[in-house]
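In the numbering used here, the protein residues as written are 153 to 252.
We put the beta carbon where it would ideally sit given N, CA and C, even for glycine.
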């Protein structure tokens, strides 16, 4: 889990993905990884905007708009990870929803 300390805009997603790839492509991280990014936004996002995958990395965004109390997330990626991850992701979803 990564807590992004800057505002996440739609136009900045590509730059964030490049940054994350550069920072996690080393021996400190496993070859296959899932990165869950929590951050704030002022933009609106569709579910398609929130999950990215390349050959060995899933990047999933959980974004909160404090002005509108909207939470942007897509937990459909869990099925790709297997049943063991469902309970963890559901718990994350509960925590995020209660935080607003």
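- Own chain partners of residue 201 with C-beta closer than 8 Å, once the 5 adjacent residues on each side are dropped: If you number the chain shown from 1, residue 201 lands on position 49. Counting only Cβ-Cβ distances below 8 Å, and skipping sequence neighbours, we find 162, 165, 213 and 224.
- Query: So the alpha helix (DSSP H) residue 171 belongs to, where does it begin and stop?
  - Reply: If you number the chain shown from 1, residue 171 lands on position 19. Residues 165–176.
- Query: How far does the beta strand (DSSP E) with residue 223 in it reach, from first residue to last?
  - Reply: Counting from 1 along the chain shown, the entry for residue 223 is found at position 71. Looking at the DSSP string, the run of the beta strand (DSSP E) that includes residue 223 is 222–224.
- Message: Tell me the residue span of the beta strand (DSSP E) that contains residue 192.
- Response: Taking the chain shown and counting its residues from 1, one reaches residue 192 at position 40. From DSSP, the beta strand (DSSP E) with residue 192 extends over 185–192.
- Query: Which of the three DSSP states, helix, strand or coil, is assigned to residue 200?
  - Reply: Here the question's residue 200 lines up with position 48 in the chain shown. Residue 200: helix per DSSP, three-state reduction.
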